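Remarks on the structure that follows.
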Amino acid sequence: MRFVLAFLLLHLATPTFAQDGFTPLFNGKDLSGWDGEPGLWAVEDGVIVGTSEVSKPKTNSFLIWNGKVKDFEVRATVKVVGDNNSGVQYRSRRLPEVTPWTILGYQCDVHPTDVHTAMTYEERGRGIFGYNGVDVVMDPTGQRWQVGERPRVQADISQYNEFTVIARGNRLEHKVNGQTTSVFIDHDEKGRALEGLIAIQLHAGNPHKTYVKQVLLKVLEDGPILPFDQAALPSGSKKIEKPKVVSAQGKNPPTKKAPAKK
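So this is what it looks like as structure tokens:
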């Protein structure tokens, strides 16, 4: 943890600490401390703007923060204008064999379709873990267990919303505007990551712009690695298949229902 704090002090252009232990990763002026594909990212009027309208990426491209973190809370204030989506990437790693700005790892989805909004997901990996409103445990074999449900959080992503990720040990929690959307506990030792990169996604496909007003990071003490115990799962827990993608890019009515579970 001390390494991360030292990195923040050395590499932020204006290392101003926010309240409650949060540090801004974006200085409001330029992309210092970040790495993204030239032509896709800029700072306009104090806001990070990613655009696919001119130089259209053939694959999802990421604005990557130049630091690795293990246990943390990150809050990103984001909106997407256009028929597409974005995401807050974390505990991720680069895939330079694809492009210098392609990464694999966990993502908090910034998506207009309500089942996908802030769902638990892995980019270029194991796919969707749990929709918005569903809590999931993945056992050591990679089997998904639905262990809880909650009301889906509604968000108009064409307006600014605060997306929060809390990662401690193998427990991940996503929130929108302070409301929890999905909790995921990852017992898959071969597939999971316990540290890595933070990034913002610019999705391939339909032309759009992603706006990032603020990214705040609080480094946390290392959390426990929770063991898997099927007998200790909540009453009513059940095995589920990998959830299906309802809308791969953007437009979908907010009342769109998830596919029925078999």
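Sequential numbering of the sequence shown, starting at -11, is according to this note's numbering.
Note that CB positions come from ideal geometry on N, CA and C, so glycine has one too.
All figures in this text were calculated on a predicted structure; none of them were measured in a lab.
Reducing DSSP to helix, strand and coil, say where residue i ends up.
i           : result
residue 251 : With the chain represented from -11 up to 250, any question about residue 251 goes unanswered, as that position is not in the structure.
residue 155 : strand
residue 147 : coil
residue 167 : strand
residue 142 : coil
residue 95  : strand
residue 30  : strand
residue 237 : coil
residue 131 : coil
residue 187 : strand
residue 64  : strand
Closest by CA to residue i, which one among the options?
i           : options            : result
residue 66  : 18, 236, 38, 154   : 38
residue 123 : 105, 238, 133, 129 : 133
residue 174 : 112, 29, 18, 215   : 215
residue 168 : 13, 197, 136       : 136
residue 131 : 138, 227, 160      : 227
residue 219 : 108, 171, 125, 102 : 125
residue 53  : 28, 27, 87, 14     : 14
Taking the alpha-carbon positions, what's the residue i to residue j distance?
i           : j           : result
residue 163 : residue 16  : 24 Å
residue 241 : residue 206 : A caution first: residue 241 carries a pLDDT of 42, below 50, which makes its placement in the model too unreliable to give a value.
residue 77  : residue 224 : 31 Å
residue 141 : residue 49  : 27 Å
residue 212 : residue 157 : 5 Å
residue 128 : residue 33  : 47 Å
residue -2  : residue 176 : For residue -2, the pLDDT reaches just 42, beneath the cut-off of 50, and the residue's location in the model is therefore unreliable, leaving the point undetermined.
residue 234 : residue 72  : 13 Å
residue 199 : residue 84  : 25 Å
residue 18  : residue 217 : 47 Å
residue 24  : residue 94  : 18 Å
residue 58  : residue 180 : 12 Å
residue 30  : residue 64  : 17 Å
residue 113 : residue 92  : 6 Å
Excluding five sequence neighbours on each side, which residues of the same chain lie with their C-beta closer than 6 Å to the C-beta of residue i?
i           : result
residue 178 : none
residue 115 : 230
With hydrogens ignored, establish whether the beta-carbon of residue i is closer than 7 Å to any heavy atom of the ligand FMN.
i          : result
residue 27 : In terms of ligand content, the structure shown is empty, and the ligand FMN therefore cannot be addressed.
Residues in its own chain within less than 8 Å of residue i by CB, not counting five upstream and five downstream?
i           : result
residue 192 : 40, 44, 45, 46, 47, 48, 49
residue 42  : 27
For residue i, which residues in the same chain have their Cβ closer than 7 Å to its Cβ, ignoring the five residues on either side in sequence?
i           : result
residue 194 : 70, 71, 72, 237, 238
residue 60  : 155, 205, 206, 207, 208
State the CB to CB distance for the pair residue i and residue j, rounded to an integer number of angstroms; the pair is presumed to be in contact (CB under 8 Å).
i           : j           : result
residue 56  : residue 166 : That pair is no contact at about 27 Å.
residue 145 : residue 98  : 6 Å
residue 171 : residue 62  : Wrong, their Cβ atoms sit about 16 Å apart, outside the cutoff.
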